[in-house]
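Encoded as structure tokens, the structure appears first; notes follow it.
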Amino acid sequence: MAVIIKLSYLLCTMLLLFSLSSSQTFADGKKQVLVIESYHASFKWDADYRRAIQDTLQDYATIKFFEMDTKRLPPNLHPKQAEAAWDRYLKSEPDLVILGDDNALKFLGPKFARKQTPVVYLGINNNPRNYFEYTFLPKHISGVLERPLMKRSVMYLQEMTEKPMEKVLILFDTGTTSKTIAKEVFQDKNKLRIGSATVHVKFIAEQNQWQEAILQASDQKFDAIILGLYHTITDAKGVHVPSKNIIKWTSKNSMLPIFAFWEFSVGKDMAIGGLVLDGYSQGKAAATIALRTLQNEEDQRSEPVISNQGQFVFSRSQLKKWNIQLPTHLQDKAIYLP
Numbered sequence: 017m018a019v020i021i022k023l024s025y026l027l028c029t030m031l032l033l034f035s036l037s038s039s040q041t042f043a044d045g046k047k048q049v050l051v052i053e054s055y056h057a058s059f060k061w062d063a064d065y066r067r068a069i070q071d072t073l074q075d076y077a078t079i080k081f082f083e084m085d086t087k088r089l090p091p092n093l094h095p096k097q098a099e100a101a102w103d104r105y106l107k108s109e110p111d112l113v114i115l116g117d118d119n120a121l122k123f124l125g126p127k128f129a130r131k132q133t134p135v136v137y138l139g140i141n142n143n144p145r146n147y148f149e150y151t152f153l154p155k156h157i158s159g160v161l162e163r164p165l166m167k168r169s170v171m172y173l174q175e176m177t178e179k180p181m182e183k184v185l186i187l188f189d190t191g192t193t194s195k196t197i198a199k200e201v202f203q204d205k206n207k208l209r210i211g212s213a214t215v216h217v218k219f220i221a222e223q224n225q226w227q228e229a230i231l232q233a234s235d236q237k238f239d240a241i242i243l244g245l246y247h248t249i250t251d252a253k254g255v256h257v258p259s260k261n262i263i264k265w266t267s268k269n270s271m272l273p274i275f276a277f278w279e280f281s282v283g284k285d286m287a288i289g290g291l292v293l294d295g296y297s298q299g300k301a302a303a304t305i306a307l308r309t310l311q312n313e314e315d316q317r318s319e320p321v322i323s324n325q326g327q328f329v330f331s332r333s334q335l336k337k338w339n340i341q342l343p344t345h346l347q348d349k350a351i352y353l354p
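At position 214 of the sequence shown the residue is numbered 230 (the numbering used here), and the sequence of numbers has no breaks.
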């Protein structure tokens, strides 16, 4: 009987060790992915695409993140942040790299072009070829474009107010993404016609100038304001102002309804909403490309893709505040936030 017990114990021990060994082999067999963010983890755009990447890849890869923080740090420090990101890459030697947004691709794309590590980018507003020598996009670098649906958004907004919109103000900061949009979307024009509305576009660097534009908009006969980006705005001394402070002040003090191009601007004490882009969709599209690459299901293609055509997102509290009733054909399509 004692012999049987000892044999049973030995067998259980062997099975346990085999199980642990197999689990360790699976864990060790995971690919290594490094995500280099242009911005920072607490920025909702980044938080959403990080979540999508983790949801898609966590069973197949160990994921590490590096934050360049270029929305809050002044431009003269961006090259230093890029050097730190590159150093992280060299030390970690990942199987694949994901570059989030234009600054990461701008500073690091040319370096990765000389490597063989597969790279997937997301959130790119510029033509990605513009970041490479001779505008040649290497085969091992591919990803997802971010194309804010600004003209379509303005057209839809004209259906939401009782009085037809004749004059609309669009506000941006002066960060890299905003400058790219100025060129790629607006062709460096500060005024254009969209539907029945004349749209004025302003790019603002300082908080006091932003507040002045908001407070004067009603007197200047604008019908509505649409928020682009406001995340690199500084005070008069050049100190970064938290983006949540900018949008909450804007929502509180504006005499006109505030709409948005991005989902991270929509919510209570923020913007009403509109046809917006979101970070999760960007992250999901990029992670899907990364997963196929890691699993060797298909060769990575250098031609970029566009993740989606936006979604209607609205704040219930802001719709109520401005007494806006969505058209019937938009009500069922919309996602509602507080």
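Even for Gly, the Cβ is constructed at its ideal location relative to N, Cα and C.
Residue i versus residue j: straight-line alpha-carbon distance, rounded
i, j, result
"Leu106", "Lys207", "46 Å"
"Asn339", "Pro180", "15 Å"
"Ala68", "Gln174", "32 Å"
"Glu83", "Asp117", "11 Å"
"Pro95", "Lys122", "10 Å"
"Thr344", "Gln334", "18 Å"
"Lys267", "Ala306", "It should be pointed out that residue 267 corresponds to Ser in this sequence rather than to Lys. Their Cα atoms are separated by approximately 38 Å."
"Ala233", "Glu99", "42 Å"
"Phe202", "Leu89", "26 Å"
"Asn119", "Thr196", "11 Å"
"Ala302", "Gln236", "42 Å"
"Phe152", "Gln132", "15 Å"
"Gln225", "Leu231", "10 Å"
Cβ of residue i within 7 Å of any chain D Cβ
i, result
"Lys107", "Absent here is chain D; the protein component of the structure consists of one chain."
Status (buried if at least 16 other CB within 10 Å, exposed otherwise) for residue i
i, result
"Asn141", "buried"
"Val255", "exposed"
"Ile322", "exposed"
"Lys205", "exposed"
"Tyr150", "exposed"
"Pro126", "exposed"
"Pro144", "buried"
"Gln341", "exposed"
"Gly295", "buried"
"Gly299", "buried"
"Ser169", "buried"
"Phe42", "Residue placement at Phe42 is flagged as unreliable, the pLDDT there being 38, under the threshold of 50; the coordinate-derived value follows with that caveat. Exposed is the call here."
"Pro110", "buried"
"Asp64", "buried"
"Leu399", "There is simply no residue 399 to check, as the chain begins at 17 and stops at 354 in what is shown."
Neighbourhood of residue i by C-beta, 7 Å cutoff - its chain only, sequence neighbours within 5 removed
i, result
"Asp85", "Tyr55, His56 and Gln97"
"Glu200", "Asn141 and Asn142"
"Arg163", "Ile322"
Cβ-based neighbour list, residue i, same chain, cut-off 8 Å, excluding 5 preceding and 5 following
i, result
"Ser331", "Val282, Gly283, Lys284, Met286, Ala287, Ile288, Gly289, Tyr352, Leu353 and Pro354"
"Ser38", "Residue placement at Ser38 cannot be trusted, given a pLDDT of 36 that sits under 50; what the coordinates show is reported in the next sentence. Once the five neighbours on either side are set aside, Ser38 has no close Cβ partner at all."
Nearest-angstrom Cβ-Cβ length linking residue i and residue j, presumed shorter than 8 Å
i, j, result
"Ile52", "Ala101", "5 Å"
"Ile249", "Ser270", "16 Å between Cβ atoms; not a contact."
"Leu50", "Arg104", "7 Å"
"Pro134", "Thr309", "5 Å"
"Phe188", "Leu272", "That belief does not hold up - the Cβ atoms of Phe188 and Leu272 are roughly 17 Å apart, past 8 Å."
"Leu112", "Lys47", "7 Å"
"Val184", "Asp239", "6 Å"
Contact set for residue i: own chain, Cβ-Cβ below 6 Å, skip 5 residues either direction
i, result
"Val329", "Glu279, Val282, Gly289, Val292 and Ile351"
"Tyr137", "Leu115, Leu121 and Gly159"
"Lys264", "Asp285"
4 or more residues per run - each alpha helix (DSSP H) lying fully within the region 111–178:
Along the region 111–178, the alpha helix (DSSP H) occurs as fully enclosed runs of 4 or more residues at 117–129 and 166–173, listed in sequence order.
List in chain order: all unbroken beta strand (DSSP E) runs of 3+ residues lying wholly within the region 189–220.
Here the runs fully enclosed are 207–210 and 213–219.
Checklist entry - In chain order, which alpha helix (DSSP H) runs of at least 4 residues are fully inside the region 85–115? => result Taken in chain order, the whole alpha helix (DSSP H) runs of length 4 or more contained in the region 85–115 are 94–108.
| task | Jot down the residue ranges of each uninterrupted beta strand (DSSP E) in the region 287–311, minimum 3 residues, whole runs only, in chain order. | result | The qualifying runs are 289–292.
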